[in-house]
Every structure is written in structure tokens, then in C-alpha cells.
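For the sequence shown, the working numbering assigns the number 43 to the initial residue and increments by one for each residue that follows.
Virtual Cβ for every residue (Gly too), placed ideally from N, Cα, C.
All figures in this text were calculated on a predicted structure; none of them were measured in a lab.
Heads up: the structure comes next, in C-alpha cells.
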Amino acid sequence: MEKLAFIIVATLLSINSYQLSAFAEELSIKDCITLTGNESQCKDCCDCLEVDAATRRQCRQACTKTDFRLNYRTMDMKVPSTLGPDGDYSVALKAANEQACKEYCDGSDELACGDRRYCRDACNAAYFENSSEKEASLW
């Protein structure tokens with residue numbers, strides 16, 4: 043298994059463009075941190091890991107603490123998205139609060155890995171809007 047993982051990583055380093063869904067089962071948090079060129083790509087990679095929602099969040103948090111200038115060989119990210127930024131994320135938005143909404147986005151088997159970011163963006167927008175409206179009504 044280690045030899046296979048080495049071959050996959052070596053292959054990734056030798057190509058310019060990489061479709062994450064093809065090798066997501068073989069990627070790890072370390073791969074996302076060391077094989078990407080910036081925080082956004084790292085988080086997209088994390089969203090495509092074949093792991094549970096908590097591990098995806100842990101990976102994205104690690105991305106925020108990474109100095110990507112140390113990554114001298116990186117892969118271009120092509121993260122598969124089905125719904126896109128304007129997709130219907132209403133199922134997630136029915137959650138009781140922003141955290142529950144994001145937990146749905148991170149853990150849903152219904153979403154393509156590229157849609158997880160857009161889903162969380164929809165949660166941010168909906169709950170930010172709601173909190174702004176509540177604050178405005180207090181004045």
C-alpha cells in the first residue's frame with residue numbers, strides 16, 4: 043500500500059493538471075498540505091478526501107496554518123462540482139443554525155466535493171443575512 047501511495051504521489055507531481063475525484067481515496071491531509079499551492083486549493087483538496095466531515099474540517103483548519111511557499115512542487119486543482127456557486131443548497135439551509143448548516147455541507151454524501159465550498163458559502167451568506175436582519179430589528 044505504501045508503494046502504491048508513493049507511485050500515486052510521484053505521478054501527481056509529474057502532471058500539471060489533476061482531477062481530484064480520480065485519486066481521492068489515496069489522498070491524505072498531508073498530501074493536501076504539501077501538494078497544493080495556496081489555502082484555497084488546499085481546502086478544495088480537503089473537501090475531496092474520502093473521510094468523515096470532522097476530518098475534512100481538521101484538514102481545512104490545517105490549511106489555514108500552512109506556509110505554501112515551502113511547497114516547491116504542486117498540482118493544479120480541478121475539483122468536480124455539480125451544483126456550482128449558484129446551486130440549490132436549500133437542504134443545508136434548512137438547518138437550525140449556521141454550524142448545523144456547515145456540518146451538512148461537510149458530511150453530505152449528496153454533494154460533489156467541489157460543491158462543499160459553495161454549500162458553506164451559502165450557509166455563511168444565509169446566516170450572516172439573518173444575523174444582520176436580527177440586529178437591525180433591535181434598533
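- A Cβ-Cβ distance of about 17 angstroms is found for the pair Asp86 and Gly149, leaving them out of contact under the 8 angstroms criterion.
- Contiguous alpha helix (DSSP H) elements confined to the stretch 89 to 162 occur at 95 to 106, 132 to 135 and 140 to 149, taking only those with 4 or more residues.
- Rounded to the nearest whole angstrom, the CA to CA distance from Arg162 to Cys143 is 7 angstroms.
- Taking C-beta atoms as the reference points, Asp89 and Cys165 fail to come closer than 8 angstroms.
- Beta-carbon to beta-carbon, Ala134 and Cys147 are separated by about 5 angstroms, close enough to satisfy the 8 angstroms threshold.
- Here Met119 has Gln83 and Asp86 as same chain residues with Cβ atoms under 6 angstroms from its own Cβ, once five neighbours each way along the sequence are excluded.
- Look at Asn80 here: in three-state DSSP terms it is coil, with no helix or strand label.
- A distance of 8 angstroms or more separates the beta carbons of Tyr160 and Pro122.
- The shortest C-alpha to C-alpha distance from Tyr169 to any of Thr97, Ser70 and Asn139 is the one to Asn139.
- Counting the other CB atoms within 10 Å of its CB gives Leu112 a total below 16, which places it among the exposed residues.
- Nearest to Phe110 by C-alpha distance, out of Gly79, Glu145, Lys136 and Leu125, is Gly79.
- Met117 is a Cβ neighbour of Leu77, given a cutoff of 8 angstroms.
- About 19 angstroms separates the Cβ atoms of Glu145 and Thr106, ruling out a contact at the 8 angstroms cut-off.
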